[in-house]
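Heads up, the thing below is written out as structure tokens.
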Ligand code: ATP
Ligand code: MG
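Residue numbers (the numbering used here): 814 to 1121.
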């Protein structure tokens, strides 16, 4: 059994007057997950007060919620079993649960626990107080981030992905909509619905969002964790430009531009950033810059240091 101590220990920045309460909730959640003493605590919807909706995905409805006894705030993701079965996504959800329970990293959204009733599955997620990075991007002047802000996010996403790959998990659905921000403005990689455990064999399923699809997935070839390197390049471009690099009005044009790696940079994107993007957007997955090199790339390091 994995050691869950780190995940279920109250964070150091938690205000002192909340620490006891928060730890009590985390202990209860740990009991449930680890089944301590052989008597797991069974969570139910009655343990939570449901607050405002936080967002909606294809299948998930996500609400802000509060554990009743400790007032600990969490995000509760509701999935309807009937919709999952209709779309044959039961396995995908089980995978999401399994993967997200095991990945513990400051830039990966934690799944604290889960439970279900007759009709629904509930995922109890860490609450990302500042919400979607995508909305934040849209609110910027010209709809794009400054270089220091973009570099900080690229670094944190690279670090989160490096951790996923260490555990042989490929995310496959990197895009600003699936990146959340916590109360301090740090990245929380979310939505592991499309992610996959890749023990040894290479995968061939086509998935993810069109604009972020790497060439090997467009053409249905085998792929590995280097698909996430490509997506990080697309993401970095979108952060600095405000739209993804291969965007076209016709789907076929997007496919064609992806395969040709047809990237055009607006003048304001300076060469150090272009250097990083062009090293990630390589048609051959083996030519793409590895994540550890992204994290020490000179543009990332110098710009990130300028962030307040
Ligand atoms: P998709 O259509 O992307 O597959 P989904 O059904 O898997 O969506 P999520 O992407 O997990 O659902 O969540 C939908 C939205 O709810 C997110 O885009 C975000 O706005 C909000 N949300 C999800 N989890 C949290 C959280 N932990 N804290 C704050 N907001 C959240
Ligand atoms: Mg999503």
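Heads up, the beta-carbon is just placed ideally off N, CA and C, and yes, glycines get one too.
Quantities reported herein were computed from a predicted structural model and do not represent experimental measurements.
- Looking at the DSSP output, residue 875 bridges to 868 and 890.
- Beyond the five residues adjoining it in sequence on each side, residue 978 comes within less than 8 Å, by CB distance, of 1038, 1041 and 1104 in the same chain, given in chain order.
- Under the three-state reduction of DSSP output, residue 950 falls in the helix class.
- In the three-state reduction of the DSSP assignment, residue 1040 falls in the helix class.
- Residue burial is scored here from C-beta neighbours: residue 906 has at least 16 other C-beta atoms within 10 angstroms and is therefore classed as buried.
- For residue 926, the enclosing beta strand (DSSP E) has its first and last residue at 924-929.
- From the listed residues 874, 878, 881 and 884, the smallest Cα separation to residue 896 is found for 874.
- DSSP, reduced to helix, strand and coil, places residue 898 within a helical segment of the structure shown.
- Between residue 928 and residue 936, the alpha-carbon positions lie close to 7 Å from each other.
- In the DSSP assignment, residue 1023 falls outside any beta strand (DSSP E), carrying neither H nor E.
- In this structure, residue 916 lies near residue 980, with their beta-carbon atoms less than 8 Å apart.
- With contact defined as three or more Cβ pairs closer than 8 Å, the segment 876-890 and the segment 934-954 are in contact.
- Within 7 Å of the C-beta of residue 894 there is not a single heavy atom belonging to ligand 1.
- Check the Cα spacing between residue 933 and each of 903, 913 and 1102: the tightest is with 903.
- Per the C-alpha coordinates, the member of 1062, 882, 1075 and 1046 positioned closest to residue 1089 is 1046.
- Residue 823 sits in coil when the DSSP states are folded into three classes, being neither helix nor strand.
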